[in-house]
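Enquirer: The structure's right below; bear with me while I get my questions together.
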Amino acid sequence: MNAYTTYITYRNKKETRSQFIRNWQTIGLGLIALAFGGIVRSLLPTLTQELGYQIPRVASFITKQLKDEKPLPTSVPMVFNPLMAPDGTIITPISTDFSLIVPKIGINTTVLPAVDPTNQEEYSTALQTGVAHASTSYFPNENGAVYIFSHSTNYEWFVEDLNAVFYLLKNLGEGDLIVLIYKGTEYTYRLTDKRIVSPEAVSYMAPIEGKQMLILQTCWPPGSTTERLLVLADLVQTEKTK
Amino acid sequence: MKNLIVGLSTFILFCSAIVAQPVYADCTTGAYGTTCDQPIDLTIDKEVKNPITNVYVENLGSTDPTFSPDSIVSFKLIVKNTSGETFSSVKIVDQFPDYLTYTGSTVKGDYDAGQRRLVMTLDRLAAGETREIEVTARVADKSAFATNDFFCASNYATVTSVERPNGDNNTAEFCMTARVNGATTLPIAGFNDLFTMIPFITLGGMGIALLKKNK
Chain A
216 MNAYTTYITY RNKKETRSQF IRNWQTIGLG LIALAFGGIV RSLLPTLTQE
266 LGYQIPRVAS FITKQLKDEK PLPTSVPMVF NPLMAPDGTI ITPISTDFSL
316 IVPKIGINTT VLPAVDPTNQ EEYSTALQTG VAHASTSYFP NENGAVYIFS
366 HSTNYEWFVE DLNAVFYLLK NLGEGDLIVL IYKGTEYTYR LTDKRIVSPE
416 AVSYMAPIEG KQMLILQTCW PPGSTTERLL VLADLVQTEK TK
Chain B
16 MKNLIVGLST FILFCSAIVA QPVYADCTTG AYGTTCDQPI DLTIDKEVKN
66 PITNVYVENL GSTDPTFSPD SIVSFKLIVK NTSGETFSSV KIVDQFPDYL
116 TYTGSTVKGD YDAGQRRLVM TLDRLAAGET REIEVTARVA DKSAFATNDF
166 FCASNYATVT SVERPNGDNN TAEFCMTARV NGATTLPIAG FNDLFTMIPF
216 ITLGGMGIAL LKKNK
């Protein structure tokens, strides 16, 4: 075997090894792309909701800055309408029987009455079509706390029909308005507190008598069942639905 | 006229003397009038914080908001000296009920875990002074409520001083809910997305390993 043959053999071996490495690298890159796609796809519903909430806010802020809007003169009366979206449009409740509207985060959904919060099978089915009113709590026209719960996120590959309307509850703050329409009457609540509690904090879903208030519950952090996010709001206005 | 003014002044002074008389504890009325052991001018008032409104109230009954296992209960002790003298070594004893363990207080105290008793001492309480002390305690976890779904308890506090050894006492009632219709947790209103991401994270990890290995 002369030197030339040795060189050719060496070069062939090297090329084969390079080809082998390239193949594995391609597979590696493919796996990374697959993982990235899967993760992004699973987060897509959450991202869509978050962007759907944030983009109009940013746009509205920029528009205001550009227009240099001046406040209304003091002589113009401000009309209190809790069913007004952040962009000024009037919200039409999805149902006058029992529905929940949270203008700030775009919730307008049917409330399923008297769902047993202690029966997971029952409430899981109910949560696929709307938000659930806990049967252990009061109704809006009674003198006690109304307890409503719903899913906070959605993983649509596996849970196609899961509602995630409460995902944006985290973006609510003190003073935000929440409206319940019940049997033709509009009950407006003002947010007083947001709490993160352990799943064992069952006292919140026990009947709380003597105060007309609203408790909204979802899981926390979004995409987990580790804790519970509670939104507490006090009744500020009751009037017949227009 | 002078006599009238003098007479009126005397009457007002007399009335003031009657009004200003301290309220006495353990008074007994006999043939020779009323005798009292000591005046009630060192008082304690115990309040509990409503877990929904965060407002301190005297008591939380069975229809009021309740506390869950492992939650924090806050109490406020209001100690008042309504006398005209300064009291020294004012001792406050807070007796916790079962299922409640002391976690902290705004005045340093000695806690006896065996007796569930917290003892705090104020060096002095000046005439007319009011002191507010906040005490927090934790409800036992759900394993401690094997047989009780719902029950109420009282937290008892007393105050005494060198000058007023009989002092005063007060309680604050509150209730605990360990289960609602047999359920020990709030509804599961969410989905554990992280579990569904594990296969993708694993694939990503394998891809990175392959890239690194063949460099």
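Here the protein sequences line up with chains A and B, keeping their order. Just so you know, we're using this note's numbering here: the first sequence kicks off at 216 and counts up by one. Just so you know, we're using this note's numbering here: the second sequence kicks off at 16 and counts up by one. Backbone N, C-alpha and C fix where the C-beta goes; we use that ideal spot for every residue, glycine too. Since the model is a prediction, treat every value here as computed from it, not as a measurement.
1. Please report the distance separating the alpha-carbon of Glu424 of chain A from that of Pro80 of chain B.
2. Give me the chain A residues within the contact set of Asn196 of chain B, using Cβ-Cβ distance strictly less than 7 Å, ordered along the chain.
3. Smallest Cα separation from Thr278 of chain A: which of A:Asp302, A:Phe381 and A:Ser413?
4. Taking the CB atoms as reference points, tell me whether His348 of chain A and Pro332 of chain A lie closer together than 7 Å.
5. Please work out which residues of its chain come closer than 8 Å, Cβ to Cβ, to Ala168 of chain B, disregarding the five sequence neighbours upstream and downstream, and give them in chain order.
6. Expressed to the nearest angstrom, what Euclidean distance is found between the alpha-carbon atoms of Ser98 of chain B and Pro422 of chain A?
7. Use the C-beta contact count for Phe313 of chain A: other C-beta atoms within 10 angstroms, 16 or more gives buried, fewer gives exposed.
8. Taking only beta carbons into account, state which residues of the region 124 to 158 of chain B come closer than 7 Å to chain A, listed in chain order.
9. Using a Cβ cut-off of 7 Å (strictly closer), state whether Thr220 of chain A contacts chain B.
10. What residue does the beta strand (DSSP E) around Gln432 of chain A start on, and which one ends it?
11. In this structure, what does DSSP give as the bridge partners for Glu424 of chain A?
12. Which first and last residues belong to the alpha helix (DSSP H) in which Thr340 of chain A is found?
13. At least one CB of chain A closer than 7 Å to the CB of Ser83 of chain B: is that the case?
14. May I have a chain-ordered list of the beta strand (DSSP E) segments no shorter than 3 residues that lie completely inside the region 98 to 140 of chain B?
15. Quick one: using the 10 Å Cβ neighbour count with 16 as the cut-off for buried, is Glu415 of chain A buried or exposed?
16. Cβ of Ile316 of chain A within 7 Å of Cβ of Ile306 of chain A?
17. Determine whether the Cβ of Val417 of chain A lies closer than 7 Å to any Cβ atom of chain B.
18. CB-CB under 8 Å to Gly76 of chain B, same chain, minus the five flanking residues each way: which ones, in chain order?
19. Counting pairs of beta carbons, one from the region 396 to 407 of chain A and one from the region 57 to 64 of chain B, are three or more of them closer than 8 Å?
20. Per the DSSP calculation, Gln264 of chain A is bridged to which residue(s)?
21. Taking a cut of 7 Å between CB atoms, which residues from the region 311 to 332 of chain A lie near chain B?
22. Using DSSP bridges, identify the partner residues of Gln240 of chain A.
23. Starting from His348 of chain A, follow the beta strand (DSSP E) in both directions and report where the run begins and ends.
24. If you run the structure through DSSP and keep just helix, strand and coil, what is Glu188 of chain B?
25. Determine whether the Cβ of Phe295 of chain A lies closer than 7 Å to any Cβ atom of chain B.
26. Can you check DSSP and say which residues form a bridge with Val63 of chain B?
27. Kindly list, in the order they appear in chain B, the residues whose Cβ is closer than 8 Å to that of Leu246 of chain A.
28. Please compile the residues from chain B whose C-beta is within a distance smaller than 9 Å of the C-beta of Leu298 of chain A.
29. If contact means a Cβ-Cβ distance below 8 Å, which residues of the region 74 to 107 of chain B contact chain A?
30. With a cut-off of 7 Å, does the C-beta of Leu115 of chain B fall near any C-beta of chain A?
31. Could you pull the start and end residues of the beta strand (DSSP E) that Arg194 of chain B belongs to?
32. To the nearest angstrom, report how far apart Ile59 of chain B and Ile93 of chain B are at their CA atoms.
33. For Asn296 of chain A, is the classification buried or exposed, using 16 other Cβ atoms within 10 angstroms of its Cβ as the cut-off for buried?
34. How would you write the range of the beta strand (DSSP E) that Val204 of chain B sits in, first residue to last?
35. Measure the Cβ-Cβ separation of Ser89 of chain B and Val417 of chain A and say whether it is below 7 Å.
36. For a contact defined as C-beta to C-beta under 7 Å, what are the partners of Glu424 of chain A on chain B?
Expert: So, to answer that:
1. The alpha-carbon atoms of Glu424 of chain A and Pro80 of chain B are separated by roughly 8 Å.
2. The answer, in chain order, is Thr333 and Thr351.
3. It is A:Asp302 whose Cα lies nearest to the Cα of Thr278 of chain A.
4. Not in contact: His348 of chain A and Pro332 of chain A (Cβ atoms no closer than 7 Å).
5. For Ala168 of chain B, the CB contacts under 8 Å within the same chain, skipping 5 residues up- and downstream, are Pro112, Asp113, Tyr114, Leu115, Glu188, Phe189, Cys190 and Met191 in chain order.
6. It is roughly 44 Å from the alpha-carbon of Ser98 of chain B to the alpha-carbon of Pro422 of chain A.
7. Buried, by the Cβ-count rule.
8. Those residues of the region 124 to 158 of chain B that come within reach of chain A (Cβ to Cβ, closer than 7 Å) are Lys157.
9. Not closer than 7 Å to any Cβ of chain B, the Cβ of Thr220 of chain A fails to qualify, so no.
10. Element bounds for Gln432 of chain A: Met428 to Trp435.
11. For Glu424 of chain A, which the question treats as bridged, DSSP gives the partners A:Gly359.
12. Annotation: the continuous alpha helix (DSSP H) that includes Thr340 of chain A extends over Gln335 to Ala341.
13. For Ser83 of chain B, the answer is yes, since a Cβ of chain A falls inside 7 Å of its Cβ.
14. Fully enclosed beta strand (DSSP E) runs of no fewer than 3 residues occupy 102 to 110, 115 to 120, 124 to 127 and 132 to 140 of the region 98 to 140 of chain B, in order along the chain.
15. Result: buried.
16. Contact flag set, yes.
17. By this cut-off, Val417 of chain A is an interface position.
18. Excluding sequence neighbours, Gly76 of chain B sits near Cys167, Glu188 and Cys190.
19. The answer is no - the region 57 to 64 of chain B does not touch the region 396 to 407 of chain A, with fewer than three Cβ pairs under 8 Å.
20. BP columns for Gln264 of chain A are empty, so no partner.
21. For the region 311 to 332 of chain A, the set of positions with a beta-carbon nearer than 7 Å to some beta-carbon of chain B reads Pro332 in chain order.
22. Answer is none; Gln240 of chain A lacks a bridge partner.
23. Element bounds for His348 of chain A: Val346 to Ala349.
24. In the structure shown, Glu188 of chain B sits in a strand (DSSP, three-state: E or B).
25. No, Phe295 of chain A lies away from the interface with chain B (no Cβ there is under 7 Å from its Cβ).
26. BP columns for Val63 of chain B point to B:Val72 and B:Phe90.
27. Under the 8 Å cutoff, chain B gives Leu218, Gly219, Met221, Gly222 and Leu225.
28. Under the 9 Å cutoff, chain B gives no residues; its nearest Cβ is about 25 Å from Leu298 of chain A.
29. The region 74 to 107 of chain B vs chain A, Cβ under 8 Å: Thr78, Asp79, Pro80, Thr81, Phe82, Ser83, Pro84, Asp85 and Ser86.
30. The beta carbon of Leu115 of chain B does not come within 7 Å of any beta carbon belonging to chain A, so the residue lies off that interface.
31. First-last for Arg194 of chain B: undefined, no H or E at that position.
32. When rounded, the separation of the alpha-carbon atoms in Ile59 of chain B and Ile93 of chain B is 5 Å.
33. Counting Cβ neighbours within 10 Å, Asn296 of chain A comes out exposed, since fewer than 16 surround it.
34. A small correction: the amino acid at residue 204 of chain B is Ala; Val does not occupy that position in the sequence shown. Neither: Ala204 of chain B is in no beta strand (DSSP E) and is coded neither H nor E.
35. Not in contact: Ser89 of chain B and Val417 of chain A (Cβ atoms no closer than 7 Å).
36. In chain order: Thr78.
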